[in-house]
Amino acid sequence: MGMFRIEEADRPHIVRLLIIWVILSAIGIVAVAQISYPPYDQSIQGQDQASTLKLLTVLATPVFIGVVMMTLYSAIYFRRTTTELVDGPPMLGNGPVQIAWVAISAILVLFLAVVGIATLSSENVAQAVGQPGRAIGQSGGQTGSGTAGGSGPELQVQVIAQQWYFTYRYADYGGVETTHLYLPVDRPVELHVTSLDIIHSFWAYQLGVKADANPGVDNIFHVTPQKTGSFQVRCAELCGLWHGHMADSSGQVVSQSDFDTWIAQQQADFDTISKAVPSYAPFYFPEPKLKAG
Amino acid sequence: MIRRISFVGAGVVIVMAAMVAFVGLFMLRQPGQLEGTTTKLHLETVAAIGQALEWPRPNDPHPDWVGYLPTTTWHVPANSTIQVQIDQEDGASGLRNPFWGKAFGIEGGTMHVSYFDDKGNPQEGDMTSIDPTTAAHTFAIPDLGVFVPLLGISDAAPPNSMNVITFSFKTKGPGVYRWQCFVPCAAGTLFGNGGPMSTIGYMGGTLIVT
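Here the protein sequences line up with chains A and B, keeping their order. All letters in the first sequence, in the order written, are residues 23 to 315 by the working numbering. All letters in the second sequence, in the order written, are residues 32 to 241 by the working numbering.
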């Protein structure tokens, strides 16, 4: 065990650093654990993301404090005090220290890998990540099949991006199109994100959903809202003149009964134009590509 | 003694004057001082080909672009009714998203349209929506929930004709609201959304509510 011997002169520094590190790390961990992390808890998937972010931050805190502490401590206690230029003591390496930092880093990284894999394989996140977008030509088109892409009890909602607004179609309710996104609480939702023209990105951060909206692609994401209230929708892909205005703060998670009332009202309000809107399709194509003069 | 009292008095006067000025300025900045008023907004939509009938644009760097005239920056009062008249001179090019063929967010849910039918005969009536393929442009202020499709002029209409579309909507509090056209009407551009659709001053602009 001789290799673990610490020089007598270094012991006060080691003790001092350990005490400072333990105290500051404890304070730091308590502090960062109090922070409310985005994307918050309006959906199960959002809460999972927030929990993972909190865990990563808590684990990173002692490391961050250790690095900053060592830097400051060295700058204060080991600074050169004379103007004379002399070599410092030779650094020949320290086996125990190297073993320790490699081992601790490996444990941390492996722990995070296990947490990440377990989280990814969990049902909620696996659903949130969703399925690969259906590529152009697999199905659909401007006058597509008229059926939603998914099956089961999930509410099918199509998010249609266009320069510069999002609209939404509810496949389970006759494909009615609306200007705001309403979702019932505690009901799984399958979002089909697509675009009518160029590349956009649908971002409802309180729900923990951010999905590319590409023309000719049905990008599928899953979310289960668990808390009523409003949420924001915005475009997260620079998409032209009014990209900065392509946002809507009127998204709502409501009770199932309120949702039923709202969707019935939408169906009544947009009944006339619904007849002119094409059948529900997984995606649409921007036509024409070039406007004639 | 008198000197001290003078200082105190002067101080009180200064403080009071500052308070009056602050309150006065604050009140001047209050929204809704024109609440309940009705403001008229008269606009013209000009075709890419052809001259504007009402507001010629000799100095326009892009005289062959579609556009709203005479300006695309509109100043209106907060919490008021805005009566809009749009003299629409462009032909139909159709909506990419047919959903925008319905008018909503306007008072009564209807717009009054004077237009020419397929035989060139003048017609008029109230409409809640139009055939999406007949739209030339839209008048849309998304943050106010106002979306109005503008019927394209019939091919059979007499030369230098225009459709006249009138409707009203209400403003909310002060702010700068963008408006835009949802018809991909920029001729000669990719997906019809370049040129005048992507340049402020033509098919998009701001509604400044004070």
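For each residue, glycine too, the CB sits at the ideal point set by N, CA and C. Remember, it's a predicted structure, so these values are computed and weren't measured experimentally.
Fill in: C-beta neighbour in chain B for LEU260 (chain A), strict 8 Å
Position 238 of the first sequence holds residue 260 (chain A). By this cut-off, LEU260 (chain A) is not an interface position.
Practice prompt. Have a look at B:PRO92, B:ASN224, B:ILE184, B:GLY183 and flag the residue whose alpha-carbon is nearest the alpha-carbon of TRP186 (chain A).
Written response: For this step, residue 186 (chain A) is matched to residue 164 along the first sequence. The shortest Cα separation from TRP186 (chain A) among B:PRO92, B:ASN224, B:ILE184, B:GLY183 belongs to B:ASN224.
Discussion item. Counting only Cβ-Cβ distances shorter than 8 Å, please list the residues of the region 184-210 of chain A near chain B, keeping chain order.
Written reply: GLN184, GLN185, TRP186, TYR187, THR189, GLU199, THR201
Discussion item. Distance cutoff 8 Å, beta carbons only. Does LEU218 (chain A) sit that close to anything in chain B?
Written reply: As a position in the first sequence, residue 218 (chain A) is number 196, starting the count at 1. Closer than 8 Å to some Cβ of chain B, the Cβ of LEU218 (chain A) qualifies, so yes.
Worksheet entry | Strand pairing of MET142 (chain B), partner residues [DSSP] | Counted from its first residue, the second sequence places residue 142 (chain B) at position 111. In the DSSP output, where bridge partners are listed per residue, MET142 (chain B) has B:MET158.
Worksheet entry | Ordered list of beta strand (DSSP E) runs contained in the region 179-210 of chain B, each at least 3 residues | 194-201
Practice prompt. In the DSSP assignment, find the beta strand (DSSP E) that holds PHE253 (chain A) and state where it starts and stops.
Written response: By one-based count along the first sequence, residue 253 (chain A) stands at place 231. PHE253 (chain A) -> beta strand (DSSP E) spans 251-257.
Practice prompt. Mind checking which residues open and close the beta strand (DSSP E) that includes HIS73 (chain B)?
Written response: For the purposes of this step, residue 73 (chain B) is taken as residue 42 along the second sequence, with counting starting at 1. Start and end: 69-77.
Item to complete: Pick helix, strand or coil for PRO247 (chain A), following the three-state DSSP scheme.
Response: Walking along the first sequence from the start, residue 247 (chain A) turns up at place 225. PRO247 (chain A) falls in the strand class under three-state DSSP.
Worksheet item: Thinking C-beta only, is SER223 (chain A) closer than 8 Å to ASP208 (chain A)?
Response: The residue given as residue 208 (chain A) occupies position 186 in the first sequence. The residue given as residue 223 (chain A) occupies position 201 in the first sequence. No, the Cβ-Cβ distance between ASP208 (chain A) and SER223 (chain A) is not below 8 Å.
Worksheet item: the region 284-301 of chain A: which residues have C-beta closer than 8 Å to a C-beta of chain B, in chain order?
Response: ASP291, PHE292, THR294, ILE295, ALA298, VAL299, PRO300
Worksheet item: Can you tell which of A:LEU263, A:TRP284, A:SER279, A:LEU78 has its C-alpha closest to the C-alpha of GLY273 (chain A)?
Response: Position 251 of the first sequence, counted from the first residue, corresponds to residue 273 (chain A). Considering only alpha carbons, the answer is A:TRP284.
Worksheet item: What residues from chain B crowd round TRP225 (chain A), counting only those whose CB sits closer than 9 Å?
Response: Reading the first sequence from its first residue, position 203 is the one you call residue 225 (chain A). Residues of chain B passing the Cβ test: none, with the nearest at roughly 17 Å.
Practice prompt. To the nearest angstrom, report how far apart PHE198 (chain B) and PRO60 (chain A) are at their CA atoms.
Written response: The count along the second sequence starts at 1 and reaches residue 198 (chain B) at position 167. The count along the first sequence starts at 1 and reaches residue 60 (chain A) at position 38. In a straight line, the C-alpha of PHE198 (chain B) is about 43 Å away from that of PRO60 (chain A).
Worksheet item: Does THR159 (chain B) have its Cβ less than 8 Å from a Cβ in chain A?
Response: Along the second sequence, read from residue 1 onward, the residue named residue 159 (chain B) stands at position 128. Yes, because at least one Cβ of chain A sits closer than 8 Å to the Cβ of THR159 (chain B).
Worksheet item: For the beta strand (DSSP E) that ILE117 (chain B) lies in, which residues bound it at each end?
Response: The sequence position of residue 117 (chain B) within the second sequence is 86, counting from 1. 112-119 is the span of the beta strand (DSSP E), which, as asked, contains ILE117 (chain B).
Worksheet item: the region 130-147 of chain B: which residues have C-beta closer than 8 Å to a C-beta of chain A, in chain order?
Response: PHE130, GLY132, LYS133, PHE135
Item to complete: Return yes when the Cβ of ALA109 (chain B) is within less than 8 Å of the Cβ of THR237 (chain B), no when it is not.
Response: As a working mapping, residue 237 (chain B) is identified with position 206 in the second sequence. As a working mapping, residue 109 (chain B) is identified with position 78 in the second sequence. No.
Discussion item. Within 8 Å of any Cβ in chain B, is that where the Cβ of HIS265 (chain A) sits?
Written reply: The sequence position of residue 265 (chain A) within the first sequence is 243, counting from 1. Judged by the 8 Å Cβ criterion, HIS265 (chain A) is not in contact with chain B.
Fill in: Alpha-carbon to alpha-carbon, VAL177 (chain B) and VAL255 (chain A)
Taking the first sequence and counting its residues from 1, the one referred to as residue 255 (chain A) is at position 233. Taking the second sequence and counting its residues from 1, the one referred to as residue 177 (chain B) is at position 146. Approximately 18 Å between the Cα atoms of the pair.
Worksheet item: If we count the other Cβ atoms within 10 Å of its Cβ and call it buried at 16 or more, is LYS71 (chain B) buried or exposed?
Response: The count along the second sequence starts at 1 and reaches residue 71 (chain B) at position 40. Exposed, by the Cβ-count rule.
Fill in: Reference ASN128 (chain B), options A:SER47, A:ILE51, A:LEU218, closest by Cα
Counting from one through the second sequence, the residue named residue 128 (chain B) turns up at place 97. For ASN128 (chain B), the nearest C-alpha among the options comes from A:LEU218.
Practice prompt. Establish whether the CB of ASN128 (chain B) and some CB of chain A are separated by less than 8 Å.
Written response: Residue 128 (chain B) sits at position 97 when you count from the first residue of the second sequence. So, interface residue.
Discussion item. Please tell me whether PHE222 (chain B) has its Cβ less than 8 Å away from any Cβ of chain A.
Written reply: Numbered from 1 along the second sequence, position 191 holds the residue referred to as residue 222 (chain B). PHE222 (chain B) counts as touching chain A.
Practice prompt. Take LYS76 (chain A) and list the residues in its own chain whose beta-carbon comes closer than 8 Å to its own, dropping the five residues that flank it on each side.
Written response: Within the first sequence, residue 76 (chain A) is the residue found at index 54, counting from 1. So the list reads VAL54, ALA55, ILE57, TYR59, once near-sequence residues are dropped.
Worksheet item: Are the region 251-266 of chain A and the region 288-299 of chain A touching, with three or more C-beta to C-beta distances below 8 Å?
Response: no
Discussion item. Please tell me whether ALA193 (chain A) and GLN180 (chain A) are closer than 8 Å, where the distance is taken between their beta carbons.
Written reply: In the first sequence, the residue the question calls residue 193 (chain A) occupies position 171. In the first sequence, the residue the question calls residue 180 (chain A) occupies position 158. Against a cut-off of 8 Å, the Cβ pair of GLN180 (chain A) and ALA193 (chain A) comes out as a contact.
Fill in: HIS168 (chain B) burial status per 10 Å Cβ neighbour count (16 or more: buried)
Residue numbering aside, residue 168 (chain B) sits at position 137 when the second sequence is read from its first letter. HIS168 (chain B) should be labelled buried.
Practice prompt. Answer yes or no: do ILE196 (chain B) and LEU182 (chain B) have a C-beta to C-beta separation smaller than 8 Å?
Written response: In the second sequence, residue 196 (chain B) corresponds to position 165, counting from 1. In the second sequence, residue 182 (chain B) corresponds to position 151, counting from 1. Yes.
Worksheet item: Between PHE188 (chain A) and ASP240 (chain A), is the Cβ-Cβ spacing less than 8 Å?
Response: Stepping through the first sequence from its first residue, residue 188 (chain A) is reached at position 166. Stepping through the first sequence from its first residue, residue 240 (chain A) is reached at position 218. No, the Cβ-Cβ distance between PHE188 (chain A) and ASP240 (chain A) is not below 8 Å.
Worksheet item: Going by the CB atoms, is the gap between ALA134 (chain B) and PRO173 (chain B) shorter than 8 Å?
Response: As a working mapping, residue 173 (chain B) is identified with position 142 in the second sequence. As a working mapping, residue 134 (chain B) is identified with position 103 in the second sequence. Contact flag unset, no.
Worksheet item: What residues from chain A crowd round PRO173 (chain B), counting only those whose CB sits closer than 7 Å?
Response: Locating residue 173 (chain B) in the second sequence gives position 142, where the first residue counts as 1. Going along chain A in sequence order, the residues near PRO173 (chain B) (Cβ under 7 Å) are TYR187.
Worksheet entry | C-beta neighbour in chain A for GLY156 (chain B), strict 8 Å | For the purposes of this step, residue 156 (chain B) is identified with residue 125 of the second sequence, where counting begins at 1. With 8 Å as the cut-off, GLY156 (chain B) does not count as an interface residue toward chain A.
Discussion item. Going by beta-carbon coordinates alone, are THR241 (chain B) and PRO205 (chain B) separated by less than 8 Å?
Written reply: To locate residue 241 (chain B), count along the second sequence from 1; it is residue 210. To locate residue 205 (chain B), count along the second sequence from 1; it is residue 174. Against a cut-off of 8 Å, the Cβ pair of PRO205 (chain B) and THR241 (chain B) comes out as a contact.
Discussion item. Rounding to the nearest angstrom, what Cα-Cα distance links VAL44 (chain A) and VAL90 (chain A) in this structure?
Written reply: On the first sequence, residue 44 (chain A) is found 22 positions in, with the first residue counted as 1. On the first sequence, residue 90 (chain A) is found 68 positions in, with the first residue counted as 1. Straight-line Cα distance between these residues: approximately 13 Å.
Worksheet entry | Any chain A beta carbon closer than 8 Å to SER24 (chain B) | Here chain B has residues from 32 to 241 only, and residue 24 (chain B) is not among them.
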